[in-house]
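A.B. asks:
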Amino acid sequence: MTNLTDLGVAALRDGFRKGDFSAREVADAFNAAVASAKALNAFIVDTPDHAIAAAEAADRARASGEFAALSGVPLGIKDLFCTAGVQTTAASHILEGFTPTYESTVTAKLFAAGAGMLGKLNMDQFAMGSSNETSAFGNVVSPWRRSDGGNAPLAPGGSSGGSSAAVAARIAPGATGTDTGGSIRQPAAFTGISGIKPTYGRCSRWGIVAFASSLDQAGPMARDVRDCAILLEAMSGFDPKDSTSLDVSVPRWEAGLSGDLTGKRIGIPKEYRVEGMPSEIEALWDKGIAFMRDAGAEIVEVSLPHTRYALPAYYIIAPAEASSNLARYDGVRYGLRDLPDGGNLADMYSATRADGFGKEVRRRILIGTYVLSAGYYDAYYTKAQQVRTLIARDFEQAWQSCDLLLTPTAPSAAFALGEKTADPLAMYLNDVFTVPASLAGLPAMSVPAGLDGQGLPLGLQLIGRPLDEQGVLNAGLAIEERAGFSARPGQWW
Amino acid sequence: MSVDAATVRKIANLARIAVSDAEADALVPELNTILGFVEQLGEVDTSGVAPLSAVIPNHLRMREDVVTDGGIRDAVLANAPQAEHGFFAVPKVIE
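Chains as they are written, first to last, in the numbering used here: chain A, 90 to 582; chain D, 675 to 769.
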């Protein structure tokens, strides 16, 4: 019999429909895989009973010939999504023990489509980080190791590092992620899987712990492009409970998949050839360009002149929004309360927040508070939002001469845990290629395209026009079909 | 622009995050590194450029003025560190 954990979302769905196996068998196989992979620290909470209940419901429905879109498919859920009755912490001590009484829109849609939940996935605290080293529940360790035999524990990327590690290790066939500046795409690239951030507004933000509301978007992470398309269809859709939710229909992305790019123009933004870019990344990019040509696309060079200002603008806008969003953690309504002996209300606020937030979260709240404070607001925040307008205009200009953009996803392969923690700026630079599309709200995806000299995965990024997830997925498929990426980490955990 | 320890303590107070003097001192170079990085934006000519207000053109919707929620006091209070008599409880604020 097939090893069920080797199957992805589409294969599980289709095999279940054909009667090759029961949903319960699938749930049991993945629950066991989760239980035996503690060394990865990918999950904060395991929910085997949830996966089993969904599977048994799917098996019962199958007996009467009824199937939902994700019947028989268990998923990992990033701990940023509120899940009714299951602890949701955003990987922060300040929310430890918080058990939502409601379900986020995205998880509600996935569960209504028949999916079960394997557990809540570890992540960077409040989604702030690029290596999963800011979690209050410990680092996630990537299942990948360098081929040098040194066995240095590697970063799975972040902030959706539990999601990327779980999918790459095949302890979950797919997972939810969220992306504020690259938090789906960069971890997908680091672990040799696919992940798409849809257009801002496609997936409801309702019930997702907020980081930077004008940037936060949920999306799927899975083994391949088809699996991403299937999951994204289930996650997307208008939600009146999110004021920025887009009231547009959800296309049938899976049915529309085609790796034939005849007639498409693929833009190569020259500003993404940054100084000091490793030659392996350049070579990968060139390989991707050749793949696009082979798929029938025309290659055009384009210019996005404000690219280098995206990261500094992001590191004003995201902390500013975070400082405002995270004001709600005050020790009154939910989460941690730390009340010093004899302390008053103000003492309670400041002790709770000092104790509950991790170092990186405190740092970003302070930056955000500073740039929004009286006398500095225009110099920092208004200026950053003006630059954001120019970055969005760069993309609009580019769409005059191309349909999609192809870039590397990250400036390097996965680095070792601890390698960049001492220097926040070095860590921030990981997102140099992913942040611009976030600032402009555009759909963007990472697909694995090759390995570096150390045997670690490298990803290519596709960026599309607003609402053109289909174009992004199709170009991702064209790369997938040509890259033949079949490497997987050897099981050491 | 750069911050000193006094400014860090002031920001921390605004953000309601307790910091010790040692922590404030340690934060000075960390925050100044980040502020130095973002100050590159000063090179960009933004005269006459409107700040971005929405990434994807979208209009704010009006909804019917009807009650859509409520009657869930126990659910609202379920995660409170301290709830008493159907209210959130906090340390006494009026002597």
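For every residue, glycine included, the Cβ atom is placed at its ideal position computed from N, Cα and C.
Run down chain D in chain order and give the residues with a C-beta less than 8 Å from the C-beta of A:R426.
C.D. replies: Residues of chain D whose Cβ lies closer than 8 Å to the Cβ of A:R426 are, in chain order, P755, Q756.
A.B. asks: For D:T742, which residues of its own chain have a beta-carbon under 6 Å away from its beta-carbon, when the five flanking residues on both sides are left out?
C.D. replies: none
A.B. asks: Report the three-state DSSP secondary structure of A:Q486 (helix, strand or coil).
C.D. replies: helix
A.B. asks: Just to confirm the assignment: which complete beta strand (DSSP E) runs, minimum length 3, are found wholly within the stretch 478–551 of chain A?
C.D. replies: 493–497, 533–540
A.B. asks: If you draw a straight line from the alpha carbon of D:L751 to that of A:N221, how long is it in whole angstroms?
C.D. replies: Rounded to the nearest angstrom, the gap between the Cα atoms of D:L751 and A:N221 is 32 Å.
A.B. asks: Counting contacts by CB-CB distance shorter than 8 Å, is A:V476 in contact with chain D?
C.D. replies: yes
A.B. asks: Three Cβ pairs or more, each shorter than 8 Å: is that satisfied between the stretch 417–428 of chain A and the stretch 438–448 of chain A?
C.D. replies: yes
A.B. asks: A:S153: buried (16+ other C-beta within 10 angstroms of its C-beta) or exposed?
C.D. replies: exposed
A.B. asks: Output, in sequence order along the chain, the residues in the stretch 701–713 of chain D whose CB is closer than 8 Å to any CB in chain A.
C.D. replies: L701, E704, L705, T707, I708, L709, F711, V712, E713
A.B. asks: Nearest to A:I141 by alpha carbon, out of A:W488, A:L393, A:V162?
C.D. replies: Closest by C-alpha distance to A:I141, out of A:W488, A:L393, A:V162, is A:V162.
A.B. asks: In whole angstroms, give me the CA-to-CA distance for A:L321 and A:K376.
C.D. replies: Going by the C-alpha atoms only, they are around 27 Å apart.
A.B. asks: Which parts of the stretch 676–718 of chain D are runs of the alpha helix (DSSP H), unbroken and 4 residues or longer, counting only runs that do not cross its ends?
C.D. replies: Entirely contained in the stretch 676–718 of chain D, the alpha helix (DSSP H) runs reaching 4 residues are, in chain order, 679–688, 695–712.
A.B. asks: Since I believe A:F119 is in contact with A:K209 (beta carbons under 8 Å), could you give me their beta-carbon distance rounded to a whole number of angstroms?
C.D. replies: Contact doesn't hold; Cβ gap of about 15 Å is too wide.
A.B. asks: Residues in its own chain within less than 7 Å of A:E583 by CB, not counting five upstream and five downstream?
C.D. replies: Outside the displayed range of chain A (90 to 582) lies residue 583 of chain A, so it cannot be described from this structure.
A.B. asks: If you measure beta-carbon to beta-carbon, which residues of the stretch 174–206 of chain A are closer than 7 Å to chain D?
C.D. replies: Cβ contacts with chain D come from F187, T188, T190.
A.B. asks: The beta strand (DSSP E) with D:Q756 in it runs from where to where?
C.D. replies: Counting along the chain, D:Q756 falls outside any beta strand (DSSP E), and DSSP gives it neither H nor E.
A.B. asks: Between A:P367 and the rest of its own chain, which residues show a CB-CB distance below 7 Å, the 5 nearest in sequence each way excluded?
C.D. replies: S501
A.B. asks: Could you give the distance in angstroms between the alpha-carbon of D:T681 and the alpha-carbon of D:G710?
C.D. replies: 16 Å
A.B. asks: Under a three-way DSSP split, which group does A:T267 fall into?
C.D. replies: Strand at A:T267.
A.B. asks: Specify, as a first and last residue, the run of the alpha helix (DSSP H) that A:F132 falls within.
C.D. replies: It is not in any alpha helix (DSSP H) - A:F132 instead sits in the beta strand (DSSP E) that spans 132–135.
A.B. asks: Ignoring anything shorter than 4 residues or poking outside the stretch 413–481 of chain A, list the alpha helix (DSSP H) runs there in chain order.
C.D. replies: 434–445, 448–461, all fully within the stretch 413–481 of chain A.
A.B. asks: Run down chain A in chain order and give the residues with a C-beta less than 8 Å from the C-beta of D:V741.
C.D. replies: Under the 8 Å cutoff, chain A gives no residues; its nearest Cβ is about 15 Å from D:V741.
A.B. asks: By the three-class DSSP mapping on this structure, what secondary structure does A:T194 have?
C.D. replies: Of the three classes helix, strand and coil, the one that applies to A:T194 here is helix, per DSSP.
A.B. asks: Output, in sequence order along the chain, the residues in the stretch 326–349 of chain A whose CB is closer than 8 Å to any CB in chain D.
C.D. replies: P329, S332, T333, L335, D336
A.B. asks: By how many angstroms is the C-alpha of A:W581 removed from the C-alpha of A:G235?
C.D. replies: Note that residue 235 of chain A corresponds to Arg in the displayed sequence, not to Gly. For A:R235 and A:W581, the distance between alpha carbons rounds to 13 Å.
A.B. asks: Can you grab the Cα-Cα spacing for the pair A:D436 / A:F226, in whole Å?
C.D. replies: 26 Å
A.B. asks: Per the contact definition of three or more C-beta pairs closer than 8 Å, is the stretch 280–300 of chain A in contact with the stretch 527–544 of chain A?
C.D. replies: Yes, since at least three Cβ pairs between the stretch 527–544 of chain A and the stretch 280–300 of chain A fall closer than 8 Å, the two stretches touch.
A.B. asks: Anything in chain D within Cβ reach of A:A402, meaning under 7 Å, just list it in chain order.
C.D. replies: L715
A.B. asks: Could you round the C-beta distance between A:L455 and D:A686 to whole angstroms and report it? I think they count as a contact, below 8 Å.
C.D. replies: Going by Cβ atoms, the distance from A:L455 to D:A686 rounds to 6 Å, so yes, they are a contact pair.
A.B. asks: For the ligand SAH, any of its heavy atoms closer than 7 Å to the Cβ of A:M206?
C.D. replies: The model on display carries no ligand, and the ligand SAH is accordingly not part of it.
A.B. asks: Measuring CA to CA, which of A:P525, A:I406, A:L495, A:Y418 is closest to A:Y470?
C.D. replies: A:I406
A.B. asks: Assign D:I768 to one of two classes, buried (16 or more other C-beta atoms within 10 Å of its C-beta) or exposed (fewer than that).
C.D. replies: exposed
A.B. asks: Using a Cβ cut-off of 8 Å (strictly closer), state whether D:I768 contacts chain A.
C.D. replies: no
A.B. asks: Counting pairs of beta carbons, one from the stretch 344–354 of chain A and one from the stretch 369–387 of chain A, are three or more of them closer than 8 Å?
C.D. replies: yes
A.B. asks: Measure from the C-beta of A:M534 to each C-beta in chain D and report whether the shortest distance is under 8 Å.
C.D. replies: Not an interface residue.
A.B. asks: Please list the partners that D:R747 has in chain A, where partner means a Cβ-to-Cβ separation under 9 Å.
C.D. replies: Those do not exist, as D:R747 stays about 11 Å from chain A at its closest Cβ, beyond 9 Å.
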